[in-house]
Structure formats: C-alpha cells, structure tokens
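For what it's worth, the working numbering labels the leading residue of the sequence shown as 1183, then goes sequentially.
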Amino acid sequence: MNNAAAGQVKSVDIKGTDGIAIDTQGTHHNVTLPDCSGGSGCAFADTLQADKTSTGESVDVKFEQANSANYLLSVLVPNIILVVLIAAFMWWVLRQTQSGNNQAISFGRSRARMVAGDKPTITFADVAGVDEAKQELAEIVEFLKYPEKFVALGARIPKGVLLVGPPGTGKTLLSKAVAGEAGVPFFSISGSEFVEMFVGVGASRVRDLFDQAKKNSPCIVFVDEIDAVGRQRGAGLGGGHDEREQTLTILAARANKKVIGMTELKEGIERVVAGPEKKSRRLSEHEKEIVAYHEVGHALVAKALPKCDPVHKVSIISRGQALGVTWYLPTEDRYLTSKAELLDNVAAAMGGRVAEEIVFGDVTSGAENDIQKVTNIARRMVTQWGMSDKLGTVTMGHKEELVFLGRDLGEQRNYSEEVAAVIDEEIRSIVNHGYQTAKTILTAQRTKMDAVVDRLKVVETLSSVELDEILAGEYQPGAAAASSGASAS
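The structure is reproduced here in structure tokens:
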C-alpha cells in the first residue's frame, strides 16, 4: 500500500492470495495478498483503486479467477493431512493398549520351547562317557515306546529324573537323547523362567506348561536348573510366603508327566519334586566287597527269621545315597505290625553291620541308615506302641507341631528323668537284642555268606531264586556266568 501510494506501482494482477505487482520500471514482483478470490468485492483491491498515487493516478488492478480445484487442494490437503496424523496417532495408542492387554494375558503362559518328535533328534549314540546313566534311562525310553506291555503288568513309569552334575557333563544332551530315542516331543525350559516380579506367574506357567505337555502326550518336559524354584519349602518364623513355594507346589502336583530336571545343587531340592533318585558311583574293589557282605548280611538274617518279609533281590549297584540295597517283597498287604515282626525287622536291619564286623573285624559308616531305622523302630515300640516290658502300655512324650513351619518342631517331654533313663535302656535293649540275633545267625552261616558274596561281586544283582540256589549249593551259573566271564576277559 505504501509503495502504491508513492506512485511506485503501476498495476497489480490478483489471483486469489497471490499477486504480481508491476512497478513503474516494468519489473514484476510476486507478492502475497489478502484473499481476493471474490473479485472486485475485495476490500484490499477497492482500496488500491480508490487511493490516488502521488502522480494523481490510481493503481490498475486486474483480477484473474482462481482455479477452484487448486484452491480446494490448497485448503483441504493440510486439513486432510492433519486428520490422517491424528487418526494414525489414535490407532497407535489403541494398538499399544491392546498389546499391553495381550501381554498381560500371555504373561502367565509357559515359555517352554518344543522340539517335535519327528524332527532330526539326538540319540544315545550321540552321548558318550555316561554309559551307566544311559542304561538307567533306557527303562524310560522303553516305556515311552511300548507302554502297553508295562501297563499290562501293572508297572508305572518313574515320574521324573533328576540329573545332577557339574556344568558341561552332558545333562542337557542326555535328556535330549532320551526324547530322541523315544521319538516323542521334547519341551525345554529354564527353572528361572517360572518366577517373575508378579506373584502367581510361576504357578500359572507351570499349569500352562503341563497343559501343553498333555496336548502333546506322550512327551518329555526338561527343566534346566530346577533348583531356581525347587529349593526346600517352609516359611520363616514370620510366616511369610515365597512365590517359589506356590510354583513348587503346582510343579509337584503336575509332575505326573515325564519330567527331567537338571541342577548342580541337589541338597536344596525339595523332596516332593526330586523324589527317590538314582546315582552311580565308582567303588574300589575293597569297598565293593564290604558293600557285598553288608547286603548279604541283611538277606541271610531276613531269610533265617520267620517274621521278616521274603527277600526279593540283593544288589550292590549304588542307588541314591545307598551303595547297595536289599529288596523285600511282602506276600500280602498288611496294616498292622506285631511285636515279633518288629523285632525280626530290627535284627535284619542290623545284619549288615554285624556282617562287616564278623568278616573284617571293623565297622564302617555304611550302616548309618540301618542304625537310624532300628533306633526309630525301637523308640516307637517303647514310647508309642506300648511294647516295653518295663514301662507297659503307656505313651511317652508329646509332639509339638508348628503348622506355619511345615514340619515338627520337636517332642515335648511329659515324663521324669528316671523314666527317660528307662526309655533309653529299653531302646538299647531292643537294638542289642536284634544285634545279637543277627550275629548268631551270620556266625553260623559264614561259609554260605562267603559263597553268596563271591557270586554277588560278579553279577552285582541276585534274585531270590538265585540266592536260594546258592544257599542250597545248587546254583548253576550257565550262560550268564559264561557271558560275564567273556566280557571280563
């Protein structure tokens, strides 16, 4: 406007908000003007035409009709872009919300990775150096392959296997080989993946894991480093609750699937998860002979006493904490035990310790569990079952239990020191009676004991039939001895 009033503008061509001003020198200038798309009705254009310049002439204003399509684009496109950006932002927020909900729903799902049984797998041929472990795991493979013949005989597969050892000894490889030999799906998960920052996630993941296992049954579930959740349960004195306890409870309840766990710390594993374990050890020949006499001592005393259960099998293959084992097979289900049966059981349990003393003139720590067993039986006979001649039919002591600890705290004495001395004397009398009974039997059968031990050291396991034949002097090794001799040579 100032330039026009000064007479420096000759004409203006207006097209919408764009204009071309031509000065007196004939130079064109692009300018931006107020919207004059309406033509002569534009206030700005009317002002230019009405105002006189310094020369007394008005500015020549020309209007050019704006292209409606370009005008619409110039107006609508920015608005459309703005609407699209707002819609995209709202869509992104909605997706994030839904994703959060899905994550919350899937938070309790198991993260186990499944390897299908029909894919190329690892077998026992790929595992070397753990022949004894492979032999013990072969029964699980056999059951998974042919469950019908085992079920027909009433056999049940072990619910789980605890693989224990230092890192790098092949525990994971061995578990994969079991699944590969059986040709069944293999689920692998780490024990630490069960526990998160939210309470209840571990138990939920266990449930989901075994739901997946049930859908793919038969299968094998491998829990790596199970000691992350499988430590011993029991709240502290404050009664606090640990998230791992809930996870462990569900894991124990769902452990009817075939679970293989790997850990480097077996002492802290909850017993309800671990259960009975099998562990192989390498024994020297001298220790092997001691174990053989120990187990044969149990067997011979049990066979000589009428109230003991029949001996089913004798083995010097180590299992768990035991270096050898003697199995007894009851002929029927019994819910009551007589005093005579208890006394015979005490004598049979002391047979191993007595055999060591007779043969080697010394005793070892191998009878630790036997001594605990007979002491417990004798104490219960005296204090709970009224089987003491001196004390009569009375109960001594009261157990104090604290439920929030999950176990017995101790026993409260409700008797005098004199009675306690009598109890100790009666317990010692029962144990000594069993010891002397076993010593009498084994001393008389020393020759037979040597014969059984000689054979047991070769085959490592004797059945009741073979044991009877050796004791009767009728045992014929046959093909078994020939094969074992060939392998030894």
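Positions of the beta carbon are idealized from the N, C-alpha and C atoms, including for glycine. These numbers were taken from a predicted model, which means no experiment stands behind them.
Cutting at 8 Å between CB atoms, please list the residues of its own chain near residue i, excluding the five before and the five after it.
{"i": "A1474", "result": "I1498, G1506, V1635, L1638 and K1639"}
{"i": "V1601", "result": "L1573 and M1578"}
{"i": "V1564", "result": "S1570, L1573, M1578, I1605, E1608, I1609 and I1612"}
Could you give the first and the last residue of the continuous beta strand (DSSP E) run that contains residue i?
{"i": "G1168", "result": "Not covered by the structure: residue 1168. The range shown for the chain is 1183 to 1671."}
{"i": "Y1510", "result": "V1507 to Y1510"}
{"i": "D1406", "result": "I1402 to D1406"}
{"i": "L1644", "result": "T1643 to S1645"}
{"i": "I1371", "result": "F1368 to S1372"}
{"i": "K1495", "result": "V1493 to S1497"}
Taking only the alpha-carbon atoms, compute the straight-line gap between residue i and residue j and give it to the nearest angstrom.
{"i": "W1273", "j": "L1258", "result": "22 Å"}
{"i": "S1357", "j": "E1330", "result": "23 Å"}
{"i": "E1648", "j": "I1472", "result": "21 Å"}
{"i": "G1479", "j": "R1535", "result": "8 Å"}
{"i": "L1482", "j": "G1655", "result": "15 Å"}
{"i": "T1575", "j": "M1569", "result": "7 Å"}
{"i": "L1344", "j": "V1403", "result": "12 Å"}
{"i": "N1614", "j": "I1322", "result": "43 Å"}
{"i": "E1608", "j": "G1579", "result": "15 Å"}
{"i": "T1622", "j": "Y1517", "result": "30 Å"}
{"i": "R1562", "j": "V1528", "result": "12 Å"}
{"i": "S1611", "j": "E1642", "result": "35 Å"}
{"i": "E1550", "j": "A1361", "result": "38 Å"}
{"i": "S1462", "j": "D1491", "result": "At S1462 the pLDDT is 43, less than 50, meaning the model places this residue with poor confidence; the figure from the coordinates comes in the next sentence. Between S1462 and D1491, the C-alpha separation is close to 27 Å."}
{"i": "D1526", "j": "A1537", "result": "16 Å"}
{"i": "Q1627", "j": "C1401", "result": "50 Å"}
{"i": "H1468", "j": "L1624", "result": "20 Å"}
{"i": "L1487", "j": "V1346", "result": "39 Å"}
{"i": "D1632", "j": "I1540", "result": "11 Å"}
{"i": "L1264", "j": "S1399", "result": "56 Å"}
{"i": "T1619", "j": "A1320", "result": "41 Å"}
I'd like the span of the alpha helix (DSSP H) that includes residue i, first residue to last.
{"i": "Y1703", "result": "This structure gives no information on residue 1703, because the portion of the chain shown stretches from 1183 to 1671."}
{"i": "V1360", "result": "K1353 to A1364"}
{"i": "F1325", "result": "D1313 to K1327"}
{"i": "R1561", "result": "E1550 to T1565"}
{"i": "Q1618", "result": "E1599 to A1626"}
{"i": "V1473", "result": "E1467 to A1486"}
Going along the chain, which residues of its own chain have a beta-carbon closer than 6 Å to the beta-carbon of residue i, five neighbours each way excluded?
{"i": "L1644", "result": "V1496 and L1638"}
{"i": "F1332", "result": "F1325"}
{"i": "E1363", "result": "T1305, F1306 and V1323"}
{"i": "A1270", "result": "none"}
{"i": "K1521", "result": "M1569"}
{"i": "A1560", "result": "I1609, I1612 and V1613"}
{"i": "K1485", "result": "V1493"}
Leaving out five residues before and five after residue i in sequence, what residues of the same chain have Cβ atoms less than 7 Å from its Cβ?
{"i": "Q1503", "result": "none"}
{"i": "Q1278", "result": "none"}
{"i": "Q1566", "result": "T1577"}
{"i": "P1340", "result": "I1322"}
{"i": "D1552", "result": "A1531, M1532, G1534 and R1535"}
{"i": "K1327", "result": "A1364"}
Run through the DSSP bridge pairs and tell me what residue i is partnered with.
{"i": "G1574", "result": "S1570"}
{"i": "A1504", "result": "R1501"}
Would you call the stretch 1592–1610 and the stretch 1539–1551 touching, i.e. three or more CB-CB distances under 8 Å? no
Taking contact to mean 3 or more Cβ pairs, one atom from each stretch, closer than 8 Å, check whether the stretch 1385–1394 and the stretch 1341–1360 are in contact. no
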